[in-house]
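Residue numbers (this note's numbering): 6 to 69.
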(Lines of atoms letter the chains of each structure in order from A; the text may use other names.)
(Lines give C-alpha, C1' and ligand atoms only; values in the text may rest on other atoms or scores of the structure.)
Protein backbone atom coordinates (compact mmCIF):
# COMPACT_ATOMS: atom_id res chain seq x y z
CA UNK A 6 0.00 0.00 0.00
CA UNK A 7 1.35 3.43 -0.93
CA UNK A 8 2.03 6.02 1.75
CA UNK A 9 -0.61 8.38 0.37
CA UNK A 10 -3.23 5.64 0.49
CA UNK A 11 -2.45 4.95 4.15
CA UNK A 12 -2.91 8.61 5.07
CA UNK A 13 -6.20 8.86 3.16
CA UNK A 14 -7.48 5.62 4.70
CA UNK A 15 -6.63 6.90 8.21
CA UNK A 16 -8.25 10.29 7.64
CA UNK A 17 -11.43 8.79 6.17
CA UNK A 18 -11.71 5.84 8.53
CA UNK A 19 -14.82 5.11 10.58
CA UNK A 20 -13.05 2.52 12.74
CA UNK A 21 -13.30 3.54 16.39
CA UNK A 22 -9.73 2.45 17.14
CA UNK A 23 -8.26 4.58 14.35
CA UNK A 24 -10.36 7.56 15.43
CA UNK A 25 -9.11 7.08 19.00
CA UNK A 26 -5.50 7.08 17.79
CA UNK A 27 -6.15 10.27 15.83
CA UNK A 28 -7.59 11.94 18.96
CA UNK A 29 -4.53 10.88 20.97
CA UNK A 30 -2.09 12.09 18.33
CA UNK A 31 -3.83 15.45 17.90
CA UNK A 32 -4.06 16.04 21.65
CA UNK A 33 -0.34 15.31 22.11
CA UNK A 34 0.55 17.63 19.22
CA UNK A 35 -1.56 20.50 20.64
CA UNK A 36 -0.15 19.88 24.12
CA UNK A 37 3.38 20.20 22.71
CA UNK A 38 2.50 23.41 20.84
CA UNK A 39 1.03 24.88 24.03
CA UNK A 40 4.13 23.85 25.99
CA UNK A 41 6.37 25.53 23.43
CA UNK A 42 4.34 28.73 23.72
CA UNK A 43 4.59 28.58 27.52
CA UNK A 44 8.37 28.17 27.26
CA UNK A 45 8.60 31.21 24.98
CA UNK A 46 6.56 33.29 27.44
CA UNK A 47 8.73 32.13 30.38
CA UNK A 48 11.91 32.89 28.44
CA UNK A 49 10.58 36.38 27.71
CA UNK A 50 10.01 36.98 31.44
CA UNK A 51 13.42 35.58 32.46
CA UNK A 52 15.23 38.92 32.56
CA UNK A 53 14.17 42.57 32.23
CA UNK A 54 14.67 43.91 28.73
CA UNK A 55 15.02 40.47 27.15
CA UNK A 56 13.11 40.47 23.88
CA UNK A 57 12.54 37.01 22.44
CA UNK A 58 9.17 37.99 21.02
CA UNK A 59 9.59 41.05 18.79
CA UNK A 60 6.60 43.17 19.79
CA UNK A 61 4.21 43.54 22.70
CA UNK A 62 1.34 42.64 20.38
CA UNK A 63 2.96 39.31 19.48
CA UNK A 64 3.52 38.60 23.18
CA UNK A 65 -0.16 39.25 23.87
CA UNK A 66 -1.13 36.96 20.99
CA UNK A 67 1.02 34.19 22.48
CA UNK A 68 -0.46 34.78 25.92
CA UNK A 69 -4.05 34.62 24.74
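Even glycine gets a Cβ: it sits at the ideal position worked out from N, Cα and C. All values reported here derive from a predicted model rather than from experimental measurement.
Selection 67, 18, 14 and 54 evaluated against residue 42 yields 67 as nearest (Cα-Cα).
Boundaries of the alpha helix (DSSP H) harbouring residue 45: 21 to 49, taken from the DSSP string.
For residue 62, the enclosing alpha helix (DSSP H) begins and ends at 61 to 68. Inclusion of residue 18 and residue 24 in the CB contact set at 8 angstroms is warranted, their separation being smaller than that value.
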